[in-house]
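Undergrad:
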Amino acid sequence: KKKKKKSEGDIDKVEVSFNEGGTWQRAAINSGGDKYAWRIFSFEFWPRTPGYTTVLARAIDDRGNVQPIVSTWNPLGYFWNGIHRVGFMVEA
């Protein structure tokens, strides 16, 4: 009997963090998109001060699976599904 893979859930929510994962805030997921396609999301961000900022983004599926902070390395790059991290400069 073949078991269904744990990672086959549908994306239920996307969260973002501005403090290296200390706290998470829910982002809005745009409608549409196929099960295995990229999903577009948005989050309104109002910076308090200028300077360099890093944001982390993670997805959680309808089974409660959360993206890992770090993906397990492998030579072919399969299952590269870690939390996405983007840095940017906030200017006044």
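According to our numbering, the residues represented by the sequence shown are 125 to 216, in order.
Built from N, CA and C at the ideal position, the CB exists for glycine as well.
Remember, it's a predicted structure, so these values are computed and weren't measured experimentally.
Hey, could you find the ends of the beta strand (DSSP E) residue 190 is sitting in?
TA: If you number the sequence shown from 1, residue 190 lands on position 66. Run containing residue 190: none; DSSP gives neither H nor E here.
Undergrad: Going by beta-carbon coordinates alone, are residue 136 and residue 184 separated by less than 8 Å?
TA: In the sequence shown, the residue the question calls residue 136 occupies position 12. In the sequence shown, the residue the question calls residue 184 occupies position 60. Yes, they are a contact pair.
Undergrad: Quick one: using the 10 Å Cβ neighbour count with 16 as the cut-off for buried, is residue 150 buried or exposed?
TA: Indexing the sequence shown from 1 puts residue 150 at position 26. Residue 150 is exposed by the Cβ-count criterion.
Undergrad: Expressed to the nearest angstrom, what Euclidean distance is found between the alpha-carbon atoms of residue 141 and residue 187?
TA: Translated into the one-based positions of the sequence shown, residue 141 becomes position 17. Translated into the one-based positions of the sequence shown, residue 187 becomes position 63. Cα to Cα, residue 141 sits roughly 21 Å from residue 187.
Undergrad: Spatial neighbours of residue 154 within its chain, please: CB distance less than 8 Å, with the 5 preceding and 5 following residues excluded, ordered by chain position.
TA: The count along the sequence shown starts at 1 and reaches residue 154 at position 30. Closer than 8 Å at Cβ, skipping near neighbours: 163, 164, 165 and 166.
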